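Read through the structure below, which is laid out as structure tokens, and then see the notes.
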Ligand code: SF4
């Protein structure tokens, strides 16, 4: 909440949930399709 501008706070909540549900899935994240791959520091990214 400290880094998200006020006007995006409500939407950001949903974006994070949807990102976890459809892209960054717990068992096998879809890193090749991820739009924040370049920012993500997870060391074991999945390959295409
Ligand atoms: S690049 Fe990072 S944030 Fe994106 S799906 Fe992979 S682990 Fe998740």
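In the working numbering, the protein residues as written are 408 to 455.
Every residue, glycine too, gets a C-beta built ideally from N, C-alpha and C.
Quick caveat: nothing in here was measured; it's all calculated off a predicted structure.
The alpha helix (DSSP H) enclosing residue i, as first and last residue numbers
i, result
"residue 424", "416–429"
Residue i - DSSP class collapsed to helix/strand/coil
i, result
"residue 441", "coil"
"residue 413", "helix"
8 Å CB neighbourhood of residue i in its chain, flanking five on each side removed
i, result
"residue 444", "438 and 452"
Neighbourhood of residue i by C-beta, 6 Å cutoff - its chain only, sequence neighbours within 5 removed
i, result
"residue 424", "none"
"residue 441", "430"
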